[in-house]
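Novice: One structure, pasted below without further comment.
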Amino acid sequence: MWKKRSPFVYFILVFIILAATPLFNYSEKESKKKPRYGGTVRVKAFTNIFRRQLDPASPDSYVFVSEQLYDGLVRLDKNLTLVPSLAEYWKISADGKTYTFYLRKGVKFHHGKELSTEDVKFSLERLIRKETESPYFHFFTARVAGALAYREGKTKEVTGFRIKDKYIFEIQLIKPYVSALYLMSMSFCKILPRDQMISQGRGFFLKPSGTGAFKFSYWMRSPQLDIVGIRLERNDQYFEGRPYLDALEFSPYFTLQHFLDKEIDIIPVLSERLFRANCQIFKDGSFNLIFLGMSCNVNPLNSKIVRKAIVHAVNKGEIARASFDLKYIPEVTNSYIPPKFPGFFPMEDEAGPNLEKAEDMLQKAGYENEREFPSLTVFFDSPRTEFKRQFYRALRRQLDELGIKLNSRYYRSLNEVKRYGKPYLIFLERLLNFPDPEDIIRPLFYSKSISNVINYSNPELDKLLEDAEGERSWTRRVELFNQIEQILFSDVPAIPLFTIQQRIAVQPYVRGIEVPTLSFYYLEARNIWLDK
Numbered sequence: 011m012w013k014k015r016s017p018f019v020y021f022i023l024v025f026i027i028l029a030a031t032p033l034f035n036y037s038e039k040e041s042k043k044k045p046r047y048g049g050t051v052r053v054k055a056f057t058n059i060f061r062r063q064l065d066p067a068s069p070d071s072y073v074f075v076s077e078q079l080y081d082g083l084v085r086l087d088k089n090l091t092l093v094p095s096l097a098e099y100w101k102i103s104a105d106g107k108t109y110t111f112y113l114r115k116g117v118k119f120h121h122g123k124e125l126s127t128e129d130v131k132f133s134l135e136r137l138i139r140k141e142t143e144s145p146y147f148h149f150f151t152a153r154v155a156g157a158l159a160y161r162e163g164k165t166k167e168v169t170g171f172r173i174k175d176k177y178i179f180e181i182q183l184i185k186p187y188v189s190a191l192y193l194m195s196m197s198f199c200k201i202l203p204r205d206q207m208i209s210q211g212r213g214f215f216l217k218p219s220g221t222g223a224f225k226f227s228y229w230m231r232s233p234q235l236d237i238v239g240i241r242l243e244r245n246d247q248y249f250e251g252r253p254y255l256d257a258l259e260f261s262p263y264f265t266l267q268h269f270l271d272k273e274i275d276i277i278p279v280l281s282e283r284l285f286r287a288n289c290q291i292f293k294d295g296s297f298n299l300i301f302l303g304m305s306c307n308v309n310p311l312n313s314k315i316v317r318k319a320i321v322h323a324v325n326k327g328e329i330a331r332a333s334f335d336l337k338y339i340p341e342v343t344n345s346y347i348p349p350k351f352p353g354f355f356p357m358e359d360e361a362g363p364n365l366e367k368a369e370d371m372l373q374k375a376g377y378e379n380e381r382e383f384p385s386l387t388v389f390f391d392s393p394r395t396e397f398k399r400q401f402y403r404a405l406r407r408q409l410d411e412l413g414i415k416l417n418s419r420y421y422r423s424l425n426e427v428k429r430y431g432k433p434y435l436i437f438l439e440r441l442l443n444f445p446d447p448e449d450i451i452r453p454l455f456y457s458k459s460i461s462n463v464i465n466y467s468n469p470e471l472d473k474l475l476e477d478a479e480g481e482r483s484w485t486r487r488v489e490l491f492n493q494i495e496q497i498l499f500s501d502v503p504a505i506p507l508f509t510i511q512q513r514i515a516v517q518p519y520v521r522g523i524e525v526p527t528l529s530f531y532y533l534e535a536r537n538i539w540l541d542k
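For the sequence shown, this note's numbering assigns the number 11 to the initial residue and increments by one for each residue that follows.
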């Protein structure tokens with residue numbers, strides 16, 4: 011039976027409902043807020059030193075800064091979908107070899123000159139020229155008509171880069187390449203002003219001019235006048251609409267205390283204190299891969315059974331825990347190709363590490379006495395980091411149980427590794443240049459690749475990769491890369507260990523953050539605004 015309640019109880023219930031109503035509507039009101047103009051967002055870089063490099067053709071440039079200063083013909087949205095940028099639209103010929111781009115009219119560089127197809131042709135040819143010293147030339151010399159002859163100085167222009175008129179530009183490929191547009195969306199394919207590049211040369215990048223949402227303002231300096239960062243200001247004439255922020259400031263020298271005191275707005279997650287602070291935490295995609303490569307041409311690692319023994323001795327989870335860094339989260343993977351690509355799936359490691367099985371395999375390979383197995387050098391690329399040191403210590407402990415002794419060595423050039431005549435393992439980190447499985451397989455495992463430092467060679471894999479390059483059907487192309495991955499599972503020239511995910515902390519008043527799938531480096535600052 012219901013008990014009779016006093017009027018006071020009903021009064022309290024009504025009061026609670028009325029008081030709670032604004033709380034229920036709060037998040038809805040927040041989402042409906044209109045973006046505001048104004049303010050400066052200060053961003054701490056993931057690196058610890060500042061590189062004064064604003065040339066998008068250089069691997070040392072900051073992709074985040076390039077994304078704000080310059081534009082390409084096309085770009086990727088947060089879901090890896092191709093969308094227009096400087097090209098308003100494009101057409102692909104029936105044979106898949108000709109791409110025609112129709113430029114937006116009226117787009118201007120920061121110094122006032124209107125964009126034209128001459129700028130596009132100049133910028134893309136510049137990537138190929140030897141004096142530019144860009145490592146990205148090979149994406150074009152193997153695919154664009156006349157690109158190789160131009161790089162070798164045999165012609166004065168790339169015949170496959172064609173100016174049809176002021177606003178129509180054409181790229182002629184040697185054979186169909188289904189990922190051509192993804193390639194054109196990358197940070198190194200930004201369009202620069204031909205007039206200023208010719209008149210200023212390298213000096214152009216001291217105060218560059220692009221078409222981007224933000225323009226160069228000045229170099230930030232310390233009290234000792236050392237350059238410690240860069241300030242960019244809003245481009246009010248940006249063709250996709252005026253950015254909300256007045257300015258961006260980017261520096262690796264901002265500190266955790268700066269963030270806690272709300273003097274800066276975005277910072278990598280570098281302290282557990284950030285989880286207790288009033289801030290937003292974002293995590294990017296997982297397209298930064300770590301492999302442990304093995305020198306497949308040097309005894310005893312030229313034996314597949316020896317390589318598989320090492321696979322069974324490695325505990326990926328233990329190495330991931332030992333190498334854990336708040337900024338870079340290692341997530342164990344058993345796949346050579348990230349499952350975030352359409353058509354690829356996470357590979358299960360049902361057995362896990364098995365030292366007994368590893369010992370049995372080494373015995374079958376003729377290494378019954380642990381002293382017979384030669385010590386292995388583990389190569390790491392410079393500079394030394396705590397992540398790499400912890401990685402090495404964990405790996406050394408595990409292989410020591412198998413009777414394999416390790417020593418470490420850091421290198422500055424791949425040639426140092428290639429000239430090394432003894433068996434070695436190598437820490438291979440692959441950050442994708444563009445979102446395509448080919449950008450993992452070709453550089454690391456193709457027998458003719460200059461980046462194939464493990465000297466792995468399999469004619470069947472090479473043939474499948476060459477077939478995939480010219481395949482115009484995405485479905486068929488995925489099938490080919492699935493076959494390639496199966497070959498790698500069988501041959502184990504390298505062990506897929508982790509994907510690395512980055513995390514950033516963002517002040518609660520910062521709105522408009524859209525996490526890019528590739529990485530935070532591609533964050534579009536033009537959509538960010540301050541709710542304060």
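We put the CB at the ideal spot given by N, CA and C, even for glycine.
So, using beta-carbon positions, are L409 and A323 closer together than 8 Å?
Specialist: Start at 1 with the first residue of the sequence shown, and residue 409 comes out as number 399. Start at 1 with the first residue of the sequence shown, and residue 323 comes out as number 313. Going by C-beta atoms, L409 is nearer than 8 Å to A323.
Novice: State the beta-bridge partners of P438 as determined by DSSP.
Specialist: For this step, residue 438 is matched to residue 428 along the sequence shown. According to the sequence displayed, residue 438 carries Leu and not Pro. According to DSSP, L438 bridges with F301.
Novice: Note down, in chain order, each residue of its chain lying with its Cβ closer than 7 Å to the Cβ of N364, except the 5 sequence neighbours on either side.
Specialist: Indexing the sequence shown from 1 puts residue 364 at position 354. So the qualifying residues of the chain are H322.
Novice: Expressed to the nearest angstrom, what Euclidean distance is found between the alpha-carbon atoms of R241 and P447?
Specialist: For the purposes of this step, residue 241 is taken as the residue at position 231 of the sequence shown. For the purposes of this step, residue 447 is taken as the residue at position 437 of the sequence shown. Taking the straight line from one Cα to the other gives about 36 Å.
Novice: Per DSSP, V154 is paired with what?
Specialist: For the purposes of this step, residue 154 is taken as residue 144 along the sequence shown, with counting starting at 1. L183, per the DSSP bridge assignment.
Novice: Apart from the five residues on each side of it in sequence, which residues of its chain come closer than 8 Å, Cβ to Cβ, to L266?
Specialist: Locating residue 266 in the sequence shown gives position 256, counting from the first residue. Excluding sequence neighbours, L266 sits near I277, L280, S281, R283, L284.
Novice: Is V130 helix, strand or coil when you go by DSSP?
Specialist: Counting from one through the sequence shown, the residue named residue 130 turns up at place 120. Three-state result, V130: helix.
Novice: What's the C-alpha gap between R286 and M371?
Specialist: Residue mapping note: residue 286 aligns to position 276 of the sequence shown, counting from 1. Residue mapping note: residue 371 aligns to position 361 of the sequence shown, counting from 1. Spanning the two alpha carbons is a distance of roughly 49 Å.
Novice: Going by DSSP, what residue range makes up the beta strand (DSSP E) through V316?
Specialist: Position 306 of the sequence shown, counted from the start, is the residue given in the question as residue 316. Element bounds for V316: not the beta strand (DSSP E) but the alpha helix (DSSP H), 314-323.
Novice: What number of angstroms, rounded off, separates the C-alpha of E243 from the C-alpha of E489?
Specialist: Reading the sequence shown from its first residue, position 233 is the one you call residue 243. Reading the sequence shown from its first residue, position 479 is the one you call residue 489. Going from the Cα of E243 to the Cα of E489 covers about 46 Å.
Novice: Suppose you measure from the CA of E382 to the CA of A319; what does that come to, to the nearest Å?
Specialist: Residue 382 sits at position 372 when you count from the first residue of the sequence shown. Residue 319 sits at position 309 when you count from the first residue of the sequence shown. Distance between the alpha carbons of E382 and A319 is about 15 Å.
Novice: Provide the residue span of the alpha helix (DSSP H) that contains Q234, from first to last.
Specialist: Indexing the sequence shown from 1 puts residue 234 at position 224. Element bounds for Q234: n/a, residue is neither H nor E.
Novice: Determine which residues share a DSSP beta bridge with R241 and list them.
Specialist: In the sequence shown, counting from the first residue as 1, residue 241 sits at position 231. DSSP lists Y228, E259 as partners of R241.
Novice: Give a yes or no on whether the C-beta atoms belonging to D87 and K200 are separated by under 8 Å.
Specialist: Taking the sequence shown and counting its residues from 1, one reaches residue 87 at position 77. Taking the sequence shown and counting its residues from 1, one reaches residue 200 at position 190. Contact flag unset, no.
Novice: Can you tell me where the alpha helix (DSSP H) holding Y420 begins and where it ends?
Specialist: Taking the sequence shown and counting its residues from 1, one reaches residue 420 at position 410. That residue, Y420, is in no alpha helix (DSSP H); its beta strand (DSSP E) goes 416-421.
Novice: Could you give the residue range of the alpha helix (DSSP H) that holds D370?
Specialist: Position 360 of the sequence shown, counted from the first residue, corresponds to residue 370. It spans 365-374 - the alpha helix (DSSP H) in which D370 sits, taken as one unbroken run.
Novice: Under a Cβ-count criterion, where at least 16 other Cβ atoms within 10 Å of its own Cβ denotes burial, should I291 be classed as buried or exposed?
Specialist: Stepping through the sequence shown from its first residue, residue 291 is reached at position 281. Counting Cβ neighbours within 10 Å, I291 comes out exposed, since fewer than 16 surround it.
Novice: Hey, how far is the Cα of Q511 from the Cα of K174?
Specialist: Mapped onto the sequence shown, residue 511 falls at position 501. Mapped onto the sequence shown, residue 174 falls at position 164. One C-alpha to the other measures close to 43 Å.
Novice: Mapping the DSSP letters down to three states, classify E124 as helix, strand or coil.
Specialist: Looking up residue 124 in the sequence shown gives position 114. Under the three-state reduction of DSSP output, E124 falls in the strand class.
Novice: Buried or exposed: S219, going by 16 or more other Cβ atoms within 10 Å of its Cβ?
Specialist: In the sequence shown, residue 219 corresponds to position 209, counting from 1. Result: buried.
Novice: Among residues of its own chain, excluding the 5 on either side of F397, which ones have a beta-carbon nearer than 7 Å to its beta-carbon?
Specialist: Walking along the sequence shown from the start, residue 397 turns up at place 387. S333, D335, Y338.
Novice: Restricting to Cα atoms, I'd like to know which of G480, W229, R231, A223 is closest to N245.
Specialist: Locating residue 245 in the sequence shown gives position 235, where the first residue counts as 1. Minimum Cα distance to N245 is reached at A223.
Novice: Please give me, in chain order, every unbroken run of the beta strand (DSSP E) with length at least 3 that falls completely inside the segment 485-530.
Specialist: Counting only runs of 3 or more, we get 504-516.
Novice: Is Y177 near T127, with beta carbons less than 8 Å apart?
Specialist: As a working note, residue 177 is residue 167 in the sequence shown. As a working note, residue 127 is residue 117 in the sequence shown. Closer than 8 Å, so yes.
Novice: Considering only their Cβ atoms, is the gap separating F132 from R212 smaller than 8 Å?
Specialist: Residue 212 sits at position 202 when you count from the first residue of the sequence shown. Residue 132 sits at position 122 when you count from the first residue of the sequence shown. R212 is not a Cβ neighbour of F132, given a cutoff of 8 Å.
Novice: Which word fits K140, buried or exposed, when buried means at least 16 other C-beta atoms lie within 10 angstroms of its C-beta?
Specialist: The count along the sequence shown starts at 1 and reaches residue 140 at position 130. Exposed, since its Cβ has fewer than 16 Cβ neighbours within 10 Å.
Novice: Which first and last residues belong to the beta strand (DSSP E) in which L92 is found?
Specialist: The residue given as residue 92 occupies position 82 in the sequence shown. Counting along the chain, the beta strand (DSSP E) containing L92 begins and ends at 92-94.
Novice: Using 8 Å as the cut-off, can you tell me whether the segment 471-478 makes contact with the segment 412-432, which would need three or more C-beta pairs spanning the two stretches below that distance?
Specialist: no
Novice: Reducing DSSP to helix, strand and coil, say where T31 ends up.
Specialist: Here residue 31 corresponds to residue number 21 of the sequence shown, with the count starting at 1. Confidence in T31 is poor, its pLDDT being 39 and thus under 50, which makes the residue's placement too unreliable to answer from.
Novice: Count the other CB atoms within 10 Å of the CB of F355; is the residue buried (16 or more) or exposed (fewer)?
Specialist: Here residue 355 corresponds to residue number 345 of the sequence shown, with the count starting at 1. It counts as exposed.
Novice: From the DSSP output, in three-state form, read off Y340 for me.
Specialist: Here the question's residue 340 lines up with position 330 in the sequence shown. It should be noted that the sequence gives Pro, not Tyr, for residue 340. The three-state secondary structure of P340, taken from DSSP, is strand.
Novice: Please classify Q247: does DSSP put it in a helix, a strand, or coil?
Specialist: Indexing the sequence shown from 1 puts residue 247 at position 237. Collapsing the DSSP output to three states places Q247 in coil.
Novice: Report the three-state DSSP secondary structure of Y346 (helix, strand or coil).
Specialist: Here residue 346 corresponds to residue number 336 of the sequence shown, with the count starting at 1. Three-state DSSP puts Y346 in coil, outside helix and strand.
Novice: In angstroms with no decimal places, state the Cα-to-Cα distance between L435 and N465.
Specialist: Position 425 of the sequence shown, counted from the start, is the residue given in the question as residue 435. Position 455 of the sequence shown, counted from the start, is the residue given in the question as residue 465. One C-alpha to the other measures close to 12 Å.
Novice: Just to confirm, are G295 and Y263 a CB contact at a threshold of 8 Å?
Specialist: Stepping through the sequence shown from its first residue, residue 295 is reached at position 285. Stepping through the sequence shown from its first residue, residue 263 is reached at position 253. Contact: no.
Novice: Are there 16 or more other CB atoms within 10 angstroms of the CB of V93, so buried, or fewer, so exposed?
Specialist: On the sequence shown, residue 93 is found 83 positions in, with the first residue counted as 1. Exposed, since its Cβ has fewer than 16 Cβ neighbours within 10 Å.
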